[in-house]
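Numbering (the numbering used here), first residue to last: 588 to 881. Beta carbons are placed, not taken as given, at the ideal position from N, Cα and C, and that holds for glycine. Owing to the predicted nature of the structure, the values given are computational and were not obtained by experimental measurement.
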DNA sequence: ATCCAGGTATGCA
DNA sequence: TGCATACCTGGA
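Printed below as a string of structure tokens:
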């Protein structure tokens with residue numbers, strides 16, 4: 588048994604709008620991030636960068652947080668940044684075409700307050716390289732192993748993900764041992780490539796969307812979809828519109844785009860939804876996931 | 001058992 | 001360009 592962690596007192600998180608427990612669950616465990624686990628009695632426990640926090644919804648729209656004592660002073664601002672707490676998602680969604688798009692309006696109403704995370708760029712790339720044809724549960728398993736075996740222990744029993752520099756020193760076989768399968772080669776090659784390009788990844792965050800995406804696609808294992816996910820969840824580029832099987836299904840089913848290819852759907856999405864297309868995508872995605880039976 | 005899951009790279013017409 | 005196929009792994 589690892590020594591007990593001393594957690595700080597629960598504190599109310601300052602968010603622009605209320606967040607129901609189910610919507611918080613969708614934010615933390617709906618496919619944006621893969622390092623949050625539901626802990627009985629304590630809400631959610633998660634790790635990002637060098638930070639650890641617990642989050643607990645109170646059922647009245649409030650979200651409370653706490654952190655391991657020694658980390659708490661750093662977690663406070665980091666958590667606000669991670670959750671984009673200064674951003675009013677109501678204000679953002681108002682810029683979406685819900686007035687003329689009944690399905691979008693329905694999605695917005697179904698997940699009030701659903702927001703996009705601002706995750707560290709490097710680990711977003713790592714997580715989504717692992718995501719190819721995997722379900723969320725499996726992705727969580729893979730990155731959990733990566734953290735435990737190749738990351739660093741931030742608090743007793745809690746590990747952060749390895750940095751790309753650390754990953755460059757890991758053999759492909761050891762990545763495969765973390766259940767990465769064919770993704771292991773992509774991670775290994777990307778690590779090697781990034782090792783020779785200091786600051787390259789961070790620099791692309793400030794490039795125009797199309798340039799940043801083109802850069803990301805130079806990395807082995809990064810195609811259209813993963814590049815868009817990295818830009819959307821790891822670089823705050825809301826114009827990115829990742830098209831996966833769920834969105835493809837949504838656009839076919841709800842927008843009548845039968846037979847459209849993913850690039851065509853992506854273009855449609857960016858034109859139809861505009862500058863906040865990526866936010867719309869998250870609502871559509873949540874809707875389809877909630878209705879996967881039909 | 002067989003199939004498929006939040007894709008991408010590669011090989012052929 | 002356009003389309004099929006391989007690639008790891010584990011859960012349904």
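Check, Outcome
"Buried or exposed: where does residue 810 fall if 16 or more other Cβ atoms within 10 Å of its Cβ makes it buried?", "exposed"
"If distances are taken between C-alpha atoms only, which option among 754, 842, 733 and 708 comes closest to residue 746?", "733"
"So for residue 623, helix, strand or coil by DSSP?", "strand"
"Select from 669, 601 and 688 the residue whose C-alpha is nearest the C-alpha of residue 650.", "601"
"Would you check if the stretch 662 to 671 and the stretch 852 to 866 touch, i.e. whether three or more CB-CB distances between them fall below 8 Å?", "no"
"Beta-carbon separation of residue 830 and residue 849 under 8 Å?", "yes"
"Contact defined as beta carbons within less than 8 Å: I believe residue 717 pairs with residue 767. What is the distance between those atoms, to the nearest angstrom?", "6 Å"
"Going by the CB atoms, is the gap between residue 792 and residue 822 shorter than 8 Å?", "yes"
"When we look at the beta-carbon of residue 729 and count the other beta-carbons within 10 Å, is it buried (16 or more) or exposed?", "buried"
"Nearest to residue 777 by alpha carbon, out of 696, 750 and 842?", "750"
"Under 8 Å by Cβ, that's how I've got residue 842 and residue 701 pegged, so tell me the actual separation to the nearest angstrom.", "With a Cβ gap of about 20 Å, residue 842 and residue 701 do not count as contacting."
"Using the Cβ count rule (16 or more neighbours within 10 Å means buried), how would you classify residue 722?", "exposed"
"Drop a sphere of 10 angstroms on the beta-carbon of residue 638, count the other beta-carbons inside from all chains shown, and report buried for 16 or more, exposed for fewer.", "buried"
"Could you have a look at residue 703 and say whether DSSP puts it in helix, strand or coil?", "coil"
"Under the three-state reduction of DSSP, which class applies to residue 596: helix, strand or coil?", "coil"
"Since residue 654 contacts residue 595 with CB under 8 Å, what's their CB separation in whole angstroms?", "6 Å"
"For residue 626, count neighbouring C-beta atoms within 10 Å of its own C-beta (all shown protein chains included) and say buried if the count is 16 or more, exposed if not.", "exposed"
"Please return the same chain residues whose Cβ sits closer than 8 Å to the Cβ of residue 610, not counting the five positions on each side in sequence.", "698, 699, 700 and 701"
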